[in-house]
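For the sequence shown, my numbering assigns the number -14 to the initial residue and increments by one for each residue that follows.
Here's the structure we're looking at; comments come further down.
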Amino acid sequence: MKGILLSGAISAIFAFFATPALIKFLARKGYGQFIRDDGPTSHHTKRGTPTMGGLILISAAVLGYGLSHLITGISTTTSAVLVIGLVIGLGVVGFIDDFLKVAKKRSLGLNAKQKILGQIIVAAAFGYAGLQFPDNDGLTPISTNLSTVRDTSIKLAVVAVIIWVVLMILGTSNGVNLTDGLDGLATGAAVMVFISFILIGVWEFGQSCAVSPGLKCYAVRDPLDLAVLAAAFAGACGGFLWWNASPAKIFMGDVGSLALGGALAGIAITLRTQLLLVVLGFLFVLITSSVIIQVGYFKLSGGKRVFKMAPLQHHFELMGWGEVTIVIRFWIIASLGVAAGLGLFYAQWVVS
């Protein structure tokens, strides 16, 4: 528990105090956000706002996690290190995309195929590596069993596991990317999900087969250390949110959204709560679904639209809702998803 508190506090403090320095650096370099001309006109006032704030999110989380282990003298674990590697890898893809945008002075960086390919390579490497490194009990960071609130009896072949991991990471990282369209929306929602992973990790550790063997015990490789890592990301998001909330002084950019999505997916996968992420991250699922529905209906209907604009948050902007109102109401939706996910997780343990 000490490690969790230290990890969260260090990352939050670092993110809070380091973000203004990054804002000044990016502003001096002229690395500002470019706004789509076909988006809501209210967003044009955000043109030039420093972007690539995700560099702080990644740095703060890694620093908080690392220093907490240095202070407590507890060794890092393979599961957490692999998730950090996933986050950094996706962050590099996002950074390249962001840098090309500011270098070319337009709102397009990598094309869709290039970005997806980069994500697939990083995700596949994580999936493969996660099936290695068994501990003394034979547990690897990633299980070959499909998981809901815990591992099920559905066993997948190694190739199928890697493909499934890639799909999860693609869906989550791009889901967070689509949600990151209003000041503080994705950051605040991510904080809630990371906090839920802290609770899940601590619970799985207390009820692990190594600590409390029995029919209900959890066979998870490193649940407590994953809770420490989740606390680091929660703290980093919290410290960054101070500057990212409306009116945002900095945007996280793709380097941040892809990395955060990777962290959410990576922690869910290693905690054996893969499908539970759909509920915990319901807001990201909802917003991603709005894009899929919009694009699908547009093609099938010959140019008609379901929403005024997708992703969903922009639909409500065009309906006249204020940005802060949308963010707060979407945060409420995110919190309900987290509450429902935690309820399902605990209910399964009670009734099993």
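The beta-carbon is built from N, C-alpha and C at its ideal position, and this holds for glycine as well.
The structure presented is a predicted model; accordingly, all values stated were derived computationally and were not measured.
Legend entry - Integer-rounded CB distance, given that Ala175 should sit under 8 Å from Leu262: Indexing the sequence shown from 1 puts residue 262 at position 277. Indexing the sequence shown from 1 puts residue 175 at position 190. That pair is no contact at about 12 Å.
Inset, instruction - Alpha carbon to alpha carbon, how far is Ile254 from Ala142? Give it in angstroms, no decimals. - result: Position 157 of the sequence shown holds residue 142. Position 269 of the sequence shown holds residue 254. Straight-line Cα distance between these residues: approximately 16 Å.
Inset, instruction - Report yes if the C-beta distance between Thr133 and Leu260 is below 8 Å; otherwise report no. - result: Stepping through the sequence shown from its first residue, residue 133 is reached at position 148. Stepping through the sequence shown from its first residue, residue 260 is reached at position 275. Yes, the pair counts as a contact, with Cβ atoms nearer than the cut-off.
Inset, instruction - With DSSP collapsed to three states, give me the class of Leu131. - result: As a first step, residue 131 is located in the sequence shown; it is residue number 146 there, counting from the start. Leu131: strand per DSSP, three-state reduction.
Legend entry - Buried/exposed call for Ile277, threshold 16 Cβ in 10 Å: Here residue 277 refers to the residue found at position 292 of the sequence shown. Burial is judged here by how many other beta carbons sit within 10 angstroms of a residue's own beta carbon; Ile277 has fewer than 16 and is exposed.
Legend entry - For Val161, the nearest candidate out of Met153, Phe225, Leu271 and Ala171 (CA to CA): As a working mapping, residue 161 is identified with position 176 in the sequence shown. The shortest Cα separation from Val161 among Met153, Phe225, Leu271 and Ala171 belongs to Ala171.
Inset, instruction - Assign Asn121 to buried or exposed, taking buried as 16 or more other Cβ atoms, counted over all protein chains shown, within 10 Å of its Cβ. - result: Stepping through the sequence shown from its first residue, residue 121 is reached at position 136. Its Cβ having fewer than 16 others within 10 Å, Asn121 is exposed.
Legend entry - Length of the line joining the Cα atoms of Pro208 and Ser53: Taking the first residue of the sequence shown as 1, we reach residue 208 at position 223. Taking the first residue of the sequence shown as 1, we reach residue 53 at position 68. Roughly 16 Å separates the two Cα atoms.
Legend entry - Thr137 in three-state terms, based on DSSP: Sequence index remark: in the sequence shown, residue 137 carries index 152 (1-based). In this structure, Thr137 counts as strand in the three-state DSSP scheme.
Inset, instruction - State the Cα-Cα distance for the pair Ile154 and Ala216, rounded to the nearest angstrom. - result: Against the sequence shown, residue 154 aligns to sequence position 169. Against the sequence shown, residue 216 aligns to sequence position 231. Their Cα atoms are separated by approximately 20 Å.
Inset, instruction - Measure the CB-CB distance between Gly169 and Ala230 and report whether it falls below 8 Å. - result: Numbered from 1 along the sequence shown, position 184 holds the residue referred to as residue 169. Numbered from 1 along the sequence shown, position 245 holds the residue referred to as residue 230. Going by C-beta atoms, Gly169 is nearer than 8 Å to Ala230.
Inset, instruction - Can you tell me which of the three DSSP states Gly199 falls into? - result: To locate residue 199, count along the sequence shown from 1; it is residue 214. Per DSSP, reduced to three states, the secondary structure at Gly199 is coil, with no helix or strand assignment.
Legend entry - Through-space distance from Leu(-10) to Lys9, alpha-carbon basis: As a working mapping, residue 9 is identified with position 24 in the sequence shown. As a working mapping, residue -10 is identified with position 5 in the sequence shown. When the Cα atoms are used, Lys9 and Leu(-10) turn out to be separated by approximately 30 Å.
Legend entry - Buried or exposed by the 16-neighbour rule on C-beta atoms within 10 Å, applied to Val240: Translated into the one-based positions of the sequence shown, residue 240 becomes position 255. Counting Cβ neighbours within 10 Å, Val240 comes out buried, since at least 16 surround it.
Legend entry - Exposure label - Arg13; buried when at least 16 CB within 10 Å: Here residue 13 refers to the residue found at position 28 of the sequence shown. Burial call: exposed.
Legend entry - Where Ser193 sits in the DSSP three-state scheme: As a first step, residue 193 is located in the sequence shown; it is residue number 208 there, counting from the start. In the structure shown, Ser193 sits in a strand (DSSP, three-state: E or B).
Inset, instruction - Using beta-carbon positions only, say whether Thr157 and Leu268 come within less than 8 Å of one another. - result: As a working mapping, residue 157 is identified with position 172 in the sequence shown. As a working mapping, residue 268 is identified with position 283 in the sequence shown. In this structure, Leu268 does not lie closer than 8 Å to Thr157 by Cβ.
Inset, instruction - Count the C-beta pairs between the region 54 to 70 and the region 107 to 119 that are closer than 8 Å, then say yes if the count reaches three, no if not. - result: The region 54 to 70, when compared against the region 107 to 119, does touch it at the 8 Å Cβ threshold.
Inset, instruction - Name the two residues that bound the continuous alpha helix (DSSP H) containing Asn229. - result: As a working note, residue 229 is residue 244 in the sequence shown. Its alpha helix (DSSP H) spans residues Pro208 to Asn229.
Inset, instruction - Reducing DSSP to helix, strand and coil, say where His29 ends up. - result: Start at 1 with the first residue of the sequence shown, and residue 29 comes out as number 44. Note that His29 scores 46 on pLDDT, short of 50, meaning its location in the model is unreliable; the coordinates nonetheless yield the value given after this. It is helical.
Inset, instruction - Measure from the alpha carbon of Met177 to the alpha carbon of each residue in Leu327, Gly(-12), Ser(-8) and Trp334, then state which is nearest. - result: Position 192 of the sequence shown, counting from 1, holds the residue named residue 177. Per the Cα distances, Leu327.
Inset, instruction - Using alpha carbons as the reference points, say which of Ala212, Ser44, Gly191 and Ala332 lies closest to Phe179. - result: As a first step, residue 179 is located in the sequence shown; it is residue number 194 there, counting from the start. When only C-alpha atoms are compared, the closest one is Ala212.
Inset, instruction - Compare the C-alpha of Leu303 against each of Ala250, Trp228 and Lys293 and name the closest. - result: Your numbering for residue 303 matches position 318 in the sequence shown. Among Ala250, Trp228 and Lys293, the Cα nearest to that of Leu303 belongs to Lys293.
Inset, instruction - Would you tell me roughly how many angstroms separate the C-alpha atoms of Ile127 and Gly112, rounded to the nearest one? - result: Walking along the sequence shown from the start, residue 127 turns up at place 142. Walking along the sequence shown from the start, residue 112 turns up at place 127. For Ile127 and Gly112, the distance between alpha carbons rounds to 7 Å.
Inset, instruction - Pull up the CB-CB distance for Ile43 and Val72, whole angstroms please, since I reckon it's below 8 Å. - result: The residue labelled residue 43 in the question sits at position 58 within the sequence shown. The residue labelled residue 72 in the question sits at position 87 within the sequence shown. Going by Cβ atoms, the distance from Ile43 to Val72 rounds to 6 Å, so yes, they are a contact pair.
Legend entry - Ranges of the alpha helix (DSSP H) found wholly within the region 283 to 333, counting only runs of at least 4: Listed in chain order, they are 297 to 303.
Inset, instruction - For Pro5, name the three-state secondary structure that DSSP assigns. - result: Residue 5 sits at position 20 when you count from the first residue of the sequence shown. The answer is helix: DSSP assigns Pro5 an H, G or I state.
Inset, instruction - Can you check DSSP and say which residues form a bridge with Pro35? - result: Counting from 1 along the sequence shown, the entry for residue 35 is found at position 50. Gly17, per the DSSP bridge assignment.
Legend entry - Nearest candidate by alpha-carbon position, reference Leu7, set Ala233, Ser(-4), Ser(-8) and Pro35: Residue numbering aside, residue 7 sits at position 22 when the sequence shown is read from its first letter. Comparing Cα-Cα distances from Leu7 to each of Ala233, Ser(-4), Ser(-8) and Pro35, the minimum goes to Pro35.
Inset, instruction - May I have the straight-line CA-CA distance separating Ala219 from Ala97, to the nearest angstrom? - result: Reading the sequence shown from its first residue, position 234 is the one you call residue 219. Reading the sequence shown from its first residue, position 112 is the one you call residue 97. Taking the straight line from one Cα to the other gives about 29 Å.
Legend entry - Opening and closing residue of the alpha helix (DSSP H) in which Leu245 lies: On the sequence shown, position 260 is the one that residue 245 refers to. It spans Gly238 to Thr255 - the alpha helix (DSSP H) in which Leu245 sits, taken as one unbroken run.
Legend entry - Nearest-angstrom Cβ-Cβ length linking Phe236 and Gly38, presumed shorter than 8 Å: Sequence index remark: in the sequence shown, residue 236 carries index 251 (1-based). Sequence index remark: in the sequence shown, residue 38 carries index 53 (1-based). Yes, Phe236 and Gly38 are in contact; Cβ-Cβ is about 6 Å, under 8 Å.
Inset, instruction - Kindly list the residues whose CB is nearer than 7 Å to the CB of Tyr16, restricted to its own chain and excluding five residues on each side of it in sequence; keep chain order. - result: Translated into the one-based positions of the sequence shown, residue 16 becomes position 31. Correct list, in chain order: Pro35, Thr36, Met37 and Val87.
Legend entry - Option nearest Ala(-6) by Cα separation, candidates Val309, Ile148, Phe225 and Ala319: Within the sequence shown, residue -6 is the residue found at index 9, counting from 1. Here the closest residue by C-alpha is Phe225.
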